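Working notes for the structure below.
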Amino acid sequence: MQKISLSKCFTGPEVEEAALRAIRSGNYILGKECQAFESELAAHTGSKQCVLGSSWTMIVYMMHLAQGIKPGDEVIVPSHTAFPTMEPLIHCGAKPVFVDIDETYCMDPDAVAAAVTPRTVGIIPVHIYGHPVDLDRIFAIAAKNNLWVLEDCAQAHGASYNGKRVGSMGLAGAYSFFPSKNLTVLGDGGCLITNDAALAEKVRMLRNHGRKDKYLHEITGFNVRFNEIQGAIGRVMLKHLDGFNDNRRAIAARYNERLKGLVQTPIEKPWAKAVYHMYVIRSPRRDALQKFLKENGIDTGIHYPVPNHQQPAVTSKFGNATLPKTEAAVKEILSLPIHGEMSLATADAVCDAIAAFHKQ
Ligand SMILES: Cc1ncc(COP(=O)(O)O)c(C=O)c1O
746 MQKISLSKCF TGPEVEEAAL RAIRSGNYIL GKECQAFESE LAAHTGSKQC VLGSSWTMIV
806 YMMHLAQGIK PGDEVIVPSH TAFPTMEPLI HCGAKPVFVD IDETYCMDPD AVAAAVTPRT
866 VGIIPVHIYG HPVDLDRIFA IAAKNNLWVL EDCAQAHGAS YNGKRVGSMG LAGAYSFFPS
926 KNLTVLGDGG CLITNDAALA EKVRMLRNHG RKDKYLHEIT GFNVRFNEIQ GAIGRVMLKH
986 LDGFNDNRRA IAARYNERLK GLVQTPIEKP WAKAVYHMYV IRSPRRDALQ KFLKENGIDT
1046 GIHYPVPNHQ QPAVTSKFGN ATLPKTEAAV KEILSLPIHG EMSLATADAV CDAIAAFHKQ
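This is the structure we're talking about:
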């Protein structure tokens, strides 16, 4: 039985040559490869500025520090996301205000509007699974209430909203390069994109011990730097991103066609060009289906089984909340195998197994 993995990183001679080029350059941190990767990422996302950092979590923490987020501030976030989405703001003393999801699993704009209070300072829409949030509605709420918008694009490299890349339309967008992501650097890493030059400059200083010049520290900062080997690797990955995303969309189309009527398949809204970081189905028999697929050599995942408003780290600090749609979804969602190099034949093998499960 051939095993089918949930995701896969692109590797091979092109990636190895890039790493070797960086190793042989004799320069290892924030050098030419990082500068080129930042420019190429800014161009790809349609933003003026890009700041690389050691992870999404740390670069967003630097951004929140640069913004001056403080105790008592409230930030509206979905609960249905990776735990890190709201870690940086909690470290700044702010309170995450969780909202429920809509049928795309993204935050529901109506719930966002209802969650605004005089203490709200910002909104973090998460383009979960690579499907863009309805940003026009989020930006309208933000403009009305004078709030900033930071897009969590960790799962949405290359996705667009009405023809514009996600992350480029609000105050900033943040990407993760964790190995499972659509764009990876074969290790940890992340970046912030923004059109706000002053914000980018402050984050650049904070990531490198608050320095402007080598021996001149204007503020106290951190070490959240990026390295040349991963910069060189990321540049190769970026060249392949659009092609790999097209392949993910072709796999998703095949899944949609073959799984219709068997399980609930994901929807793509008219404004969205989704990049299917995850292809998530929904079934009331989720646990039995997952077990059956595992027995047949097919890896699946649950993203995420425990919503953030129910995580002990959150309830112990902020108390309990109820989000019926999120709580119902986490019991039924199942992520199927998908990646940039996956073949349609592999998708067919997954569909055959799901069909066999339903014939039992
Ligand atoms: C939606 C989302 N936000 C934030 C993160 C955090 O990214 P990182 O691991 O680079 O800190 C992730 C990755 O796990 C994610 O999926």
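The number in my numbering is simply the position in the sequence shown, starting from 1, with 745 added.
From the three backbone atoms N, C-alpha and C, an ideal C-beta is built for every residue, glycine too.
Note that the coordinates shown come from a computational prediction; the quantities given were computed from them, not determined experimentally.
- In the structure shown, H1048 adopts coil according to DSSP, grouped into three states.
- The shortest CA-to-CA distance from G979 to any of C779, I768, S770, R769 is the one to C779.
- Relative to ligand 1, the nearest heavy atom lies less than 7 Å away from the CB of G935.
- The distance from the Cβ of D897 to that of T826 is about 7 Å, consistent with a contact at the 8 Å cut-off.
- Take the alpha-carbon of N890 and the one of I1043: they are about 47 Å apart.
- In this structure, H1084 is the residue among H1084, L986, D933, Y1049 with its C-alpha nearest to the C-alpha of A997.
- The closest heavy atom of ligand 1 lies 7 Å or more from the beta carbon of T849.
- Taking a 10 Å sphere around the C-beta of L1038, we find 16 or more other C-beta atoms and assign the residue as buried.
- Here G934 really is in contact with S799; their C-beta atoms are around 7 Å apart, less than 8 Å.
- Within its own chain, the residues whose Cβ lies closer than 7 Å to the Cβ of R864, once the five positions on either side in sequence are excluded, are G817, D818, E819, listed in chain order.
- By the CB criterion at 8 Å, A995 and H876 fall outside the cutoff.
- Taking L916 as the centre and dropping the five residues before and after it, the same chain places the C-beta of W893, V894, L895, T939, D941 closer than 7 Å to its C-beta, in chain order.
- For ligand 1, a non-hydrogen atom lies closer than 7 Å to the CB of P829.
- Annotation: the continuous alpha helix (DSSP H) that includes D1093 extends over 1089-1104.
- Secondary structure remark: continuous alpha helix (DSSP H) runs of at least 4 residues inside the region 756-824, in chain order: 758-770, 777-790, 801-812.
- Assignment of N891 by DSSP, reduced to helix, strand and coil, places it in the coil class.
- The count of Cβ pairs closer than 8 Å, one atom from the region 1017-1031 and one from the region 899-917, reaches three, so the stretches are in contact.
- In summary, P1011 is buried, with 16 or more beta-carbon neighbours lying within 10 Å of its beta-carbon over all protein chains present.
- The residues Y806, in chain order, have a CB closer than 7 Å to that of H836 in the same chain once the five nearest residues on each side in sequence are set aside.
- Within the DSSP secondary-structure output, G979 pairs in no beta bridge.
- Of the other Cβ atoms in all chains shown, fewer than 16 fall within 10 Å of the Cβ of V1051; this residue is therefore exposed.
- DSSP places K1070 in no beta strand (DSSP E) but in the uninterrupted alpha helix (DSSP H) bounded by 1069-1074.
- Looking at the backbone, the Cα of M1087 and that of G918 are separated by about 28 Å.
- If you draw a straight line from the Cα of N772 to the Cα of I821, it is about 41 Å long.
- At the C-beta level, A945 and Q1055 stay beyond 8 Å of one another.
- For E1013, the secondary structure class from DSSP, reduced to helix, strand or coil, is coil.
- Cα atoms of L775 and G912: separation of roughly 23 Å, rounded to the nearest angstrom.
- By the criterion of a C-beta distance shorter than 6 Å, V866 is surrounded in its chain by D818, once the five residues flanking it on both sides are discounted.
- Distances from the CB of D897 to the heavy atoms of ligand 1 include at least one below 7 Å.
- Excluding the 5 residues flanking it on each side, G955 has same chain C-beta neighbours closer than 7 Å at H962, E963, I964, T965, G966, in chain order.
- Residue pairing by DSSP places S913 in no beta bridge whatsoever.
- M1023 carries a coil assignment under DSSP once its states are collapsed to helix, strand and coil.
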